[in-house]
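Per the working numbering: the sequence shown = residues 351 to 705.
Every residue gets a Cβ at the ideal spot worked out from N, C-alpha and C, and that includes glycine.
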Amino acid sequence: MIHNFNAGPSAMPKEVFEQASEAIIDFNHSGLSILEIGHRTSMFQAVLDEAVATAKELMQLDSDHDVLFLHGGATTQFFQVPMNLLDENEVAAYLDCGVWGTKAIKEARIFGNVDVVASSKDKNYTYIPKNFSIPTNAKYFHYTTNNTIEGTEMNFIPETGIPLVADMSSDILSHELDFNRFALIYAGAQKNIGAAGVNLVVIRKDILGKTKRKLPAMMDYMKHIEAGSVLNTPPVFAIYVCMLTLRWLKNIGGIPAIEKLNKQKADLLYQTLDSIPIFRPTVAKEDRSRMNVVFVMEDQELERKFLQTCKENNMVGVKGHRSVGGFRVSLYNAVTLESVKAITSLMKEFASVNA
Ligand SMILES: *Cc1c(COP(=O)(O)O)cnc(C)c1O
Numbered sequence: 351m352i353h354n355f356n357a358g359p360s361a362m363p364k365e366v367f368e369q370a371s372e373a374i375i376d377f378n379h380s381g382l383s384i385l386e387i388g389h390r391t392s393m394f395q396a397v398l399d400e401a402v403a404t405a406k407e408l409m410q411l412d413s414d415h416d417v418l419f420l421h422g423g424a425t426t427q428f429f430q431v432p433m434n435l436l437d438e439n440e441v442a443a444y445l446d447c448g449v450w451g452t453k454a455i456k457e458a459r460i461f462g463n464v465d466v467v468a469s470s471k472d473k474n475y476t477y478i479p480k481n482f483s484i485p486t487n488a489k490y491f492h493y494t495t496n497n498t499i500e501g502t503e504m505n506f507i508p509e510t511g512i513p514l515v516a517d518m519s520s521d522i523l524s525h526e527l528d529f530n531r532f533a534l535i536y537a538g539a540q541k542n543i544g545a546a547g548v549n550l551v552v553i554r555k556d557i558l559g560k561t562k563r564k565l566p567a568m569m570d571y572m573k574h575i576e577a578g579s580v581l582n583t584p585p586v587f588a589i590y591v592c593m594l595t596l597r598w599l600k601n602i603g604g605i606p607a608i609e610k611l612n613k614q615k616a617d618l619l620y621q622t623l624d625s626i627p628i629f630r631p632t633v634a635k636e637d638r639s640r641m642n643v644v645f646v647m648e649d650q651e652l653e654r655k656f657l658q659t660c661k662e663n664n665m666v667g668v669k670g671h672r673s674v675g676g677f678r679v680s681l682y683n684a685v686t687l688e689s690v691k692a693i694t695s696l697m698k699e700f701a702s703v704n705a
């Protein structure tokens, strides 16, 4: 058995693989593969409808919020957001808490002015800034709810009088949150929602149509809302896998159930790391991510050795991002408690031999 701690694309529920493989051979006993059905057929419409309805139900979204499945990954949202919401002479407020947030800021500057209200760059993004103030004349406030690379998480929703926009790529649907407080949410699917190639986007429509900029149709959120996510050929198979994953999450008890499991997983891993001196978690305790656990070892030789030990024990994806080094163990929704128990046992064993 392989224990998959990949940062993304990442572990997925086994039954989703099984159902997705079946659908490639014969989709719903239609005699056709999911890969060869039209995106405007009733067969695909049913998939899309269930995906949207399940996402809305899981997040308990009110009727002001629309759910879209769009192409291009979260990186496309970095520019699609300012393109739709920010005029050249206007200001958007951004929080800078890591590599992904920095990229979002860079893209927003193409379209307007960016006010970076706070940054944790001074300490290598190992904490979340608090007590920052957000200018009320800004068009929107953007932040990353979970910093995938650095391993920090925002455990509060900032108070603003302006529309809230969040990149939730690496922690959406992993714990309860008042999703209705956000005017726009986006998340690449490949961490907690399904297969790579599609984004989940949640929009409160009233924020749209306020800029002077002319938009290409594919970049225009309003056009996608009007077309119900089928403005052009959507990534049919990726959306199908999202639907299966959302259905899986609903069937196991939704966000409250997965939050409980995710807490068990993260608690076990952090407690283990805290109890073994050769491992050092890198981020401020109160800002620790439940999804991406980042740690280093002081001894480079031991780091190499532990990485090798993980490999020999069928644990994949534990090497840290090149910008941080060390290790990153990702604990997305589909990662089992069994896998976390396996790696924590291995850590204890390793420490008893190497400390
Ligand atoms: C993975 C990730 C991205 C990038 O997603 P792509 O789909 O590769 O564009 C952006 N933001 C966060 C927080 C991520 O975790």
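The beta-carbon distance between F587 and I375, rounded to whole angstroms, is 13 Å. This is too long to meet the 8 Å contact definition.
Distances from the CA of I499 to each of Q614, S695 and S680 were compared; the closest alpha carbon is that of S680. In the DSSP assignment, H574 falls within the alpha helix (DSSP H) that extends over Y571 to E576. Under DSSP, E368 takes part in no beta bridge, so it has no partner. Contact check for T561 and L382: beta-carbon distance about 42 Å, past the 8 Å limit, so the pair fails to qualify. Taking the Cα positions, T425 is about 22 Å away from V402. No residue range can be given for F482, since it is assigned to no beta strand (DSSP E) and is classified by DSSP as neither H nor E. Measuring C-alpha to C-alpha distances from K489 to each of G462, L652 and R678 identifies G462 as the nearest. Counting of Cβ neighbours within 10 angstroms places F482 among the exposed residues, the total staying below 16. The beta carbons of E653 and G676 sit about 7 Å from each other, so the pair counts as a contact at 8 Å. Secondary structure at D437: coil, using DSSP grouped into helix, strand and coil. With respect to the C-alpha of L594, the residue from L411, V646 and E400 having the closest C-alpha is E400. Here DSSP, grouped into helix, strand and coil, assigns T502 to strand. Non-local C-beta neighbours of Q614 in its own chain, meaning closer than 7 Å and more than five positions away in sequence, comprise L687, ordered along the chain. Judged by DSSP secondary structure, F419 falls within the beta strand (DSSP E) whose first and last residues are H415 to L420.
Note on H415: 16 or more other CB atoms within 10 angstroms of its CB, so buried under the neighbour-count rule. Taking the Cβ atoms as the reference, L550 lies roughly 6 Å from A539, within the contact range of under 8 Å. Between L420 and K698, the alpha-carbon positions lie close to 43 Å from each other.
Within the model, the alpha-carbon separation for P363 versus S702 is close to 33 Å.
For R531, the three-state secondary structure derived from DSSP is helix. Taking C-alpha positions only, M504 is separated from M641 by approximately 12 Å. Here the distance from the Cβ of T498 to the nearest heavy atom of ligand 1 is below 8 Å. Between ligand 1 and the CB of N549, the shortest heavy atom gap is smaller than 8 Å. For N378, there is no enclosing alpha helix (DSSP H), as DSSP marks it with neither H nor E.
Listed in chain order, the non-local C-beta contacts of S470 below 6 Å within the same chain comprise C447, Y477 and P479, local neighbours out to five positions each way being set aside. By alpha-carbon distance to T486, the top candidate from E509, I628, L618 and L596 is E509. DSSP, reduced to helix, strand and coil, places P606 within a helical segment of the structure shown. For T494, the enclosing beta strand (DSSP E) stretches over residues F491 to T494. I589 places its beta carbon 9 Å or farther from that of A705.
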